[in-house]
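Residue numbers (full-length UniProt numbering): 1 to 372.
Ideal Cβ positions, reconstructed from N, Cα and C, are used throughout, including at glycine.
These numbers were taken from a predicted model, which means no experiment stands behind them.
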């Protein structure tokens, strides 16, 4: 039995509403799971805080994030809140938080649940793959750097290191080992997505990837150019299991993946390091929806399920792993029942309606989760 310390960052826009809905669900999971204790502490951070105080991520908040077992973040940033140089608050804060936690692998599951809207639903054996983004290097390594000469020239640098690529590739293979393989035939496979035919940095990324693949002979490996992958994910997404790639490519393809399975409102994510985990929905703050109780909180709930699963794996805790499965099953049940859904996926329900429905669905027993 372990107590987990969780730092909550509700953030901006629809973030607090989605976090509140997720707290409702987590409280129900805790109440119905003997041996699971989450000590959750909520902190202000982000654009609204910057508007009020001039800080986005106070030192004491960052310190608590680093000291916690995991961080659950909802959404950060507002388009009209910017630093004096004109840049938005969200990228600066997130890059700083990622670097402080050293979360090298960004995990974006793309899973089609029964009841979720999808034009490819009846054309293949299902969609269930994971995009892994290298989270600290690539083109994002230029964040805060780059160069601009006068009003004519601007440059950014794409950075690929052996250490960074090895870490994310190894993470991808270890994740593939835990999964059931690609939907088309159950084959466990990791695919490197790159542009190795053009860029030396990405040819190096592929080289390091295949060096790591040799250490995982039980998992198949291959490589696909990123432009071709954009086509394949629309034509036959069931042929893929785990995809690993440079940060910017992952940023783009993960949004495409979310579009395949119902939109960003169903897109969870986790950012994983050797010691820390940061979990957040893939969507932004949608300030036009803030305060209206209409946002879809399912991506935040599914991110919380990812958090529980990671904690269970990290600490060899079957109670947390079981709770993660039950939370995901509850979200899936509400989607499949289709009586409660927000307007982004074709319904009229409120954020709080979804929270209540998922909380009620958590009545699934441990044996249900074990047999899923």
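DSSP three-state assignment for residue 166, whether helix, strand or coil: What you label residue 166 is simply residue 166 of the chain shown in a count that begins at 1. Residue state, collapsed to three classes: helix.
So, does the segment 326–340 touch the segment 109–125, judging by three or more C-beta pairs under 8 Å? yes
Per the contact definition of three or more C-beta pairs closer than 8 Å, is the segment 263–275 in contact with the segment 150–162? no
Just tell me which of 29, 31, 96 has its CA closest to the CA of residue 45. Within the chain shown, the letter at position 45 stands for residue 45. Among 29, 31, 96, the Cα nearest to that of residue 45 belongs to 96.
Just how far apart, CA to CA, sit residue 310 and residue 278? Taking the first residue of the chain shown as 1, we reach residue 310 at position 310. Taking the first residue of the chain shown as 1, we reach residue 278 at position 278. Residue 310 and residue 278: Cα-Cα distance of roughly 10 Å.
Identify which residue in 101, 182, 187 has its Cα closest to the Cα of residue 130. On the chain shown, residue 130 is found 130 positions in, with the first residue counted as 1. It is 182 whose Cα lies nearest to the Cα of residue 130.
Hey, how far is the Cα of residue 298 from the Cα of residue 149? Counting from one through the chain shown, the residue named residue 298 turns up at place 298. Counting from one through the chain shown, the residue named residue 149 turns up at place 149. Each residue's alpha carbon lies about 44 Å from the other.
Rounded to whole angstroms, what's the CA-CA distance from residue 35 to residue 58? Just pull it up for me. Taking the chain shown and counting its residues from 1, the one referred to as residue 35 is at position 35. Taking the chain shown and counting its residues from 1, the one referred to as residue 58 is at position 58. Taking the straight line joining both Cα atoms gives about 33 Å.
Whole-angstrom distance between residue 287 and residue 371, CA atom to CA atom: As a position in the chain shown, residue 371 is number 371, starting the count at 1. As a position in the chain shown, residue 287 is number 287, starting the count at 1. Confidence in residue 371 is poor, its pLDDT being 47 and thus under 50, which makes the residue's placement unreliable; the coordinate value appears in the next sentence. Roughly 40 Å between the two C-alpha positions.
Would residue 216 and residue 164 qualify as a contact pair, given that the criterion is a beta-carbon distance under 8 Å? Reading the chain shown from its first residue, position 216 is the one you call residue 216. Reading the chain shown from its first residue, position 164 is the one you call residue 164. Result no, Cβ atoms of residue 216 and residue 164 do not sit closer than 8 Å.
Unbroken beta strand (DSSP E) runs of length 3 or more, entirely within the segment 31–95: which are they? 36–42, 70–75
Beta-carbon spacing of residue 296, residue 346 below 8 Å: Here residue 296 refers to the residue found at position 296 of the chain shown. Here residue 346 refers to the residue found at position 346 of the chain shown. Not a contact, by the Cβ cut-off of 8 Å.
Excluding the 5 residues preceding and the 5 following residue 186 in the sequence, name in chain order all residues of the same chain whose CB lies nearer than 7 Å to its CB. Your numbering for residue 186 matches position 186 in the chain shown. Closer than 7 Å at Cβ, skipping near neighbours: 180.
By how many angstroms is the C-alpha of residue 338 removed from the C-alpha of residue 289? Stepping through the chain shown from its first residue, residue 289 is reached at position 289. Stepping through the chain shown from its first residue, residue 338 is reached at position 338. Their Cα atoms are separated by approximately 22 Å.
How should residue 276 be labelled, buried or exposed, when 16 other C-beta atoms within 10 angstroms of its C-beta is the threshold for buried? Walking along the chain shown from the start, residue 276 turns up at place 276. It counts as buried.
Let me check understanding here. Comparing Cα to Cα, which of 116, 98, 20 lies closest to residue 341? Locating residue 341 in the chain shown gives position 341, counting from the first residue. The shortest C-alpha separation from residue 341 is found at 116.
Which residues DSSP lists as bridging residue 148, in chain order: Start at 1 with the first residue of the chain shown, and residue 148 comes out as number 148. Looking at the DSSP assignment, residue 148 forms a beta bridge with 154.
Counting Cβ pairs, one atom from each stretch, are 3 or more of them under 8 Å apart for the segment 63–76 and the segment 12–24? yes
Go to residue 122, then tell me how far its alpha helix (DSSP H) extends in each direction, as first and last residue. Translated into positions along the chain shown, residue 122 becomes position 122. Counting along the chain, residue 122 falls outside any alpha helix (DSSP H), and DSSP gives it neither H nor E.
Looking at the structure shown, is residue 10 part of a helix, part of a strand, or coil, going by DSSP? The residue labelled residue 10 in the question sits at position 10 within the chain shown. In this structure, residue 10 counts as strand in the three-state DSSP scheme.
For the structure I just gave you, are there three or more beta carbon pairs, one from the segment 187–196 and one from the segment 133–149, closer than 8 Å? no
Measure the C-alpha to C-alpha separation of residue 247 and residue 202 and round it to an integer number of angstroms. By 1-based counting over the chain shown, the position of residue 247 is 247. By 1-based counting over the chain shown, the position of residue 202 is 202. Answer to the nearest angstrom: the Cα atoms are 11 Å apart.
Short Cβ contact (8 Å threshold) for residue 132 with residue 100: Taking the first residue of the chain shown as position 1, residue 132 is located at position 132. Taking the first residue of the chain shown as position 1, residue 100 is located at position 100. Not a contact, by the Cβ cut-off of 8 Å.
DSSP three-state assignment for residue 234, whether helix, strand or coil: What you label residue 234 is simply residue 234 of the chain shown in a count that begins at 1. Reduced to three states, the DSSP call for residue 234 is helix.
Rounded straight-line distance, which links the Cα of residue 238 to that of residue 122: One-based indexing of the chain shown puts residue 122 at position 122. One-based indexing of the chain shown puts residue 238 at position 238. Their backbone Cα atoms lie some 12 Å apart in a straight line.
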